[in-house]
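Structure first, then comments.
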Amino acid sequence: MKRIAAIACALLFAGFATIVSAQVPSYGPNITLEQAKTAIAAGQAEARKNGWPVAIAVFDTAGMLVAYEKMDDTQTASVEVAQDKGRSAAIYRRSTKVMEDALAAGGAGVRFLNLRGASTVEGGLPIMLAGKVIGGIGVSGVTSPQDGIVAKAGVDAIK
Amino acid sequence: MKTRPALTLDDCKKISAAAEAEAKKNSWEVAIVILDDGGHVLHALRSDGATPANITIATEKARTAALTRRPSKMWEERVAGGRVSMLKMPGILPVEGGLPIMAEGTCVGGIGVSGVQSHEDAQIGQAGIDALGPG
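Those sequence lines, one after another, are chains A and B.
Residue numbering for the first sequence follows the working numbering, beginning at 68 and increasing consecutively.
Residue numbering for the second sequence follows the working numbering, beginning at 16 and increasing consecutively.
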């Protein structure tokens, strides 16, 4: 019994160490309102091109909302889900797809369900500038891979 | 079947841009939030000089206005008038700066502003609503 516990412990710490040691970029300055507007406009252009009604939320490095827009006919639930994804990406400095994949892998990855403020659904990305995280963007409204495509269009607009 | 008007994203952009212009004109750093009649966020922004708290306060002012269909100032005045039990009303932020958005005689949402003095916040919100035209 003791032995099993020790092995379980070791496995848990191994998983944790993997996460901690993952290459996570540092925070840079906070995203500006102009940059946030640029990211939302680019995301919306991608969404409109595909006929995807989505909500897009942009957060600063503190996980506080900077700008947000909901396209017409976006499902109501996406108002909050987009914000959950964007905040998660900003405060964990990782895409929510990373969380989703870790959870899907099972085992120690299941703990992502219990990480405060973590979203485990694709569609949230950290916003980078000069190798630093300046905020996060979250998209919701269509399938999560499609949300991810819109989020990426937003992130790519910040240079 | 009854139909009712609803705010589109274009409406929100119009309202928000006018409110932002009013704030910029006065060099006021604020957060501006627009909600629909269910209290769901349609549009939000926070200028670089506004505090993180402002976005939350603006949202709660907008929610107060959208869901009670009255300016948040009305609630502030009721509390100031001595009706302190109003502080216990669910979802109410009794501080000026939240206004209902009216169209065709019905409330279609609310706008909330936070960052400067409360009456200035309301002035910004009103500038936004005025851009939408007569409700």
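Cβ atoms here follow ideal geometry from the backbone N, Cα and C, with glycine treated the same way.
These numbers come from a predicted model, not from an experiment.
So residue i and residue j are in contact, right, with Cβ under 8 Å, and what is the actual spacing, rounded?
| i | j | result |
| --- | --- | --- |
| B:S87 | B:K76 | 5 Å |
| B:T121 | B:P20 | 7 Å |
| B:A80 | B:L114 | 5 Å |
| A:G191 | A:G153 | 6 Å |
| B:S129 | B:G106 | Wrong, their Cβ atoms sit about 16 Å apart, outside the cutoff. |
| A:S186 | A:D214 | Actually they do not touch by this definition, with Cβ atoms about 11 Å apart. |
Closest Cβ-Cβ distance between residue i and chain A: below 8 Å?
| i | result |
| --- | --- |
| B:A142 | no |
| B:R78 | no |
| B:V59 | According to the sequence as given, residue 59 of chain B is Ala; it is not Val. Interface residue, yes. |
| B:P67 | yes |
| B:H134 | no |
| B:S62 | yes |
| B:I70 | yes |
| B:V123 | no |
| B:V56 | yes |
| B:A34 | no |
With 8 Å set as the bound, which would you pick, yes or no: does the beta-carbon of residue i sit closer than that to a beta-carbon of chain B?
| i | result |
| --- | --- |
| A:M195 | no |
| A:A129 | yes |
| A:S88 | Per-residue confidence for A:S88 stands at a pLDDT of 46, beneath the threshold of 50, marking its modelled position as unreliable; the derived number appears in the next sentence. Answer no: the Cβ-Cβ gap between A:S88 and chain B never drops below 8 Å. |
| A:V209 | no |
| A:V206 | no |
| A:V200 | no |
| A:V133 | yes |
Quick check on residue i: buried or exposed, where buried means 16 or more other Cβ atoms within 10 Å of its Cβ?
| i | result |
| --- | --- |
| A:P212 | exposed |
| B:V99 | exposed |
| B:E119 | exposed |
| A:Q90 | exposed |
| B:S42 | exposed |
| A:S88 | Low per-residue confidence applies at A:S88: pLDDT is 46, beneath 50, and the placement is therefore not dependable, though the value from the model is reported in the following sentence. It is exposed - the Cβ of A:S88 has fewer than 16 other Cβ atoms within 10 Å. |
| B:P109 | buried |
| B:A95 | exposed |
| A:R115 | exposed |
| A:T143 | exposed |
| A:P92 | exposed |
| B:H58 | buried |
- Task: Please specify which runs of the alpha helix (DSSP H), each continuous and at least 4 residues long, are wholly inside the stretch 113 to 200 of chain A, giving them in chain order.
- Result: If we require 4 residues or more, the alpha helix (DSSP H) runs fully inside the stretch 113 to 200 of chain A come out as 145 to 159 and 163 to 171.
- Query: Going along the stretch 135 to 168 of chain A in order, which residues come within less than 7 Å of chain B, judged by CB to CB distance?
  - Reply: Y135, E136, K137, M138, D139, T143 and V146: these are the residues of the stretch 135 to 168 of chain A whose beta carbon lies less than 7 Å from some beta carbon of chain B, given in chain order.
- Please name the residues in the stretch 91 to 103 of chain A whose beta-carbon is closer than 7 Å to at least one beta-carbon of chain B, in chain order. Listed in sequence order: T99 and L100.
- Message: Taking beta-carbon pairs under 7 Å, can you tell me which members of the stretch 18 to 30 of chain B lie near chain A?
- Response: Listed in sequence order: T23 and L24.
- Query: Looking at chain B, which residues of the stretch 213 to 226 of chain A have a Cβ within less than 8 Å of any of its Cβ atoms?
  - Reply: Under the 8 Å Cβ criterion, the stretch 213 to 226 of chain A contributes no residue.
- Any residues in the stretch 37 to 48 of chain B with a beta carbon nearer than 9 Å to a beta carbon of chain A? Which ones, in chain order? Hits within the stretch, in order: A46 and V48.
- Within the stretch 17 to 79 of chain B, ranges of the beta strand (DSSP E) (whole runs, at least 3 residues): If only uninterrupted beta strand (DSSP E) runs of at least 3 residues are considered, those enclosed by the stretch 17 to 79 of chain B are 46 to 51 and 56 to 61.
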